[in-house]
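Residue 67 in my numbering is what sits at position 65 of the sequence shown, and the numbering runs on without skipping anything. As structure tokens, the structure follows; a few thoughts come after it.
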Amino acid sequence: MSAEPPQAAAVLRNAPPDAAGFDPGRLEQAVALLEKAAAEGVTPGGVLLVARRGSVVLEQAAGRLTYEDGAPAVALSTIYDLASLTKVIATTTLMMRRIESGALDLDDTVASRLPELEGSPVGGATLRDLLAHSSGLPCCSELFRELGEGLDRDEARARYLEHIAATELEVGSRQRSIYSDLGVLLLGEILERESGHGLAELVQEEILDPLGLADTGYLPADSLRGRIAPTEFDSWRGRLPHGEVHDENTHALGGIAPHAGLFGTARDVAAFAQAMLNGGVYGGRRIVGADTVALFIRRAELVAGSSRALGWDTPSHPSSAGTYFSARSFGHTGFTGTSLWIDPDLELIVVLLTNRVHPTRDNIAIRKLRPAIHDAVVLAIADTTVEPRDAD
């Protein structure tokens, strides 16, 4: 058995930027970008965390929780709605574990695991297709408008499954990559059925607890409300979600879903990222094997030109990761304004958590902020020469 990386037995520690090969002055340019973004209304505020070689060299909060006068300032302990980071932290990691154990196979079809989908348009798609967003399913659905609030979660899951079973594919399997929440919903259903346990329980017991992610989870307690950044005023709910999930379909599922629903801090997201960078181990606890991590983070190559790995994404052109993250990098973004990018070549993690959807999702200025911050971080590395990533 190969030796663990030196940092694998420990947890992330704080260190000065120069100890991890950064020019401190240049790294401050990334902070300045976040502070400027908060001042100019790109987002009310956010937290930026940079870690390299197992050390957190930058952890900075900027702005406020809302745009209201006197709103609380963002703190390092601020909890954000992680949105689609749930896909990688929760669902993809659980799938890694099931594939590794042999309980599931990447080439299992949907219908082989969900027999009621036999003969449905998506029934012949494989788990590999769902993970790589190559099944042909459309992006999403507004079934929440039909289900409403307060439906029993098991009943809501059944209704979603019926809806997906009746959904026509936009294209044939592996013809085009379509980022699909519907496919991830199927993965969650398969995970729950295979294990006989609920998704939140699986995530807590198999990922969050072993990694010590005490500030991350579904359905945050009311006592945490003061630490949570509110998201977007929702005309469907008639209120501002604050401590309840932003994604409407997840809310209709009781706040627990495979594609959204996790809340967490930048520090917790970084710890999870370090586990992935370490090949599945952190703080002496292994949650998945290194070979399995390597399989999931490289491009799936199911659709020509697609940047999609298995659950994860890789840099495209253009990319939210910017210009300098290496081609071996992997990451994901979240609709609420969250992102995580990991570069194995540079041993680098960048976490950016914001609530850019407050008070409206129409504010999309974060699309320029993300790559700018990532470029600033990489260009602050002083102990190695970085070059722009080659175009595909």
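Backbone N, C-alpha and C fix where the C-beta goes; we use that ideal spot for every residue, glycine too. Quantities reported herein were computed from a predicted structural model and do not represent experimental measurements.
In angstroms, rounded to a whole number, what distance separates the CA positions of residue i and residue j?
i              : j                 : result
histidine 135  : leucine 188       : 12 Å
valine 58      : alanine 158       : 41 Å
arginine 229   : phenylalanine 265 : 11 Å
proline 123    : leucine 355       : 37 Å
tyrosine 284   : leucine 171       : 40 Å
valine 146     : alanine 254       : Checking the displayed sequence, the identity of residue 146 turns out to be phenylalanine instead of valine. Cα to Cα, phenylalanine 146 sits roughly 6 Å from alanine 254.
serine 225     : glutamate 246     : 13 Å
alanine 167    : histidine 360     : 34 Å
serine 341     : proline 74        : 23 Å
arginine 269   : tyrosine 69       : 24 Å
glycine 150    : phenylalanine 24  : 50 Å
threonine 386  : isoleucine 101    : 37 Å
histidine 404  : alanine 306       : Here the chain comprises residues numbered 3 to 394, so residue 404 is not present and cannot be evaluated.
proline 8      : glycine 174       : The predicted position of proline 8 is uncertain, since its pLDDT is 49 and thus under 50; no value can be drawn from it.
glutamate 144  : arginine 239      : 13 Å
valine 76      : aspartate 107     : 43 Å
valine 112     : isoleucine 192    : 8 Å
isoleucine 383 : tyrosine 162      : 47 Å
Any C-beta of chain C sitting closer than 8 Å to the C-beta of residue i?
i             : result
threonine 111 : Among the chains of the structure shown, chain C does not appear; only one protein chain is present.
Look at residue i and residue j and say whether their C-beta atoms are less than 8 Å apart.
i              : j             : result
proline 346    : alanine 329   : no
isoleucine 375 : alanine 32    : yes
serine 137     : alanine 127   : yes
tyrosine 326   : arginine 391  : yes
alanine 40     : glycine 65    : yes
asparagine 357 : glycine 339   : yes
glutamate 349  : leucine 279   : yes
leucine 119    : glycine 125   : yes
leucine 67     : glycine 43    : no
isoleucine 366 : threonine 45  : no
arginine 176   : aspartate 131 : yes
valine 295     : glycine 282   : yes
leucine 190    : tyrosine 220  : A small fix is needed here, since residue 190 is glycine in this sequence, not leucine. Not a contact, by the Cβ cut-off of 8 Å.
Taking residue i and residue j to be in contact with their CB atoms under 8 Å, please state how far apart those CB atoms are, rounded to whole angstroms.
i             : j              : result
aspartate 249 : alanine 85     : 7 Å
valine 13     : threonine 93   : No, valine 13 and threonine 93 are not in contact; Cβ-Cβ is about 24 Å, not under 8 Å.
alanine 273   : leucine 213    : 6 Å
alanine 302   : isoleucine 344 : At roughly 17 Å, the Cβ-Cβ gap does not stay under 8 Å, so alanine 302 and isoleucine 344 are not in contact.
alanine 63    : valine 49      : 5 Å
leucine 381   : arginine 28    : 6 Å
leucine 51    : glutamate 61   : 5 Å
Taking its Cβ as the centre, do 16 or more other Cβ atoms sit within 10 Å of residue i, making it buried, or is it exposed?
i             : result
glutamate 194 : buried
serine 4      : No answer about serine 4 holds up, because its pLDDT of 42 lies below 50 and its placement is not dependable.
arginine 15   : exposed
methionine 98 : buried
leucine 78    : exposed
Practice prompt. Decide if the segment 202 to 213 is in contact with the segment 143 to 156; the criterion is three or more beta carbon pairs, one per stretch, under 8 Å apart.
Written response: no
Discussion item. Taking 8 Å as the cut-off, does the segment 223 to 242 touch the segment 289 to 300 (at least 3 CB pairs, one atom from each stretch)?
Written reply: no
Practice prompt. Determine contact between the segment 165 to 181 and the segment 305 to 321, defined as no fewer than three beta-carbon pairs at a distance below 8 Å.
Written response: yes
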